[in-house]
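In this note's numbering, the protein residues as written are -19 to 61. Structure first, then comments.
Quick look at the structure:
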């Protein structure tokens, strides 16, 4: 089974592909340090906007690194919050 996992709950936009639950085929993390550092903490509105701008790219990079297409994915897991 191939799982695409997405993380957008805080200040990192990330996508990873796992095979059979224990083999990591890719793990792409895009942080937002540059956006939030001047504020001394995470600004939720800026974080959300950044996720919208970056999530497609990290998904694409993660699938490319795993040498897969979205149609190959059996399950998509996402964070809530």
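We put the beta carbon where it would ideally sit given N, CA and C, even for glycine. From a predicted model like this one, the values you see are computed outputs, not experimental measurements.
Under 7 Å between C-beta atoms of residue i and residue j
i: residue 46; j: residue 6; result: yes
Residues near residue i in its chain [Cβ-Cβ closer than 6 Å; skip 5 each side]
i: residue -14; result: -5, 58
i: residue -16; result: -3, 53, 56
Start and end residues, alpha helix (DSSP H) containing residue i
i: residue 14; result: 13 to 16
i: residue 26; result: 24 to 45
Assumed close pair residue i, residue j - CB separation to whole angstroms, cut-off 8 Å
i: residue -7; j: residue 49; result: 21 Å between Cβ atoms; not a contact.
Nonlocal neighbours in the same chain, by C-beta distance under 8 Å from residue i, ignoring five residues either side
i: residue -19; result: -1, 0, 1, 54, 55
Residues near residue i in its chain [Cβ-Cβ closer than 7 Å; skip 5 each side]
i: residue 38; result: -7, -6, -5, 8, 10
i: residue 15; result: 26, 30
First and last residue of the uninterrupted beta strand (DSSP E) at residue i
i: residue 1; result: No beta strand (DSSP E) holds residue 1; DSSP gives it neither H nor E.
request  = Determine, using beta-carbon pairs with one atom in the stretch 18 to 31 and one in the stretch 50 to 58, whether at least three such pairs fall under 8 Å.
outcome  = Contact fails: fewer than three Cβ-Cβ distances are below 8 Å.
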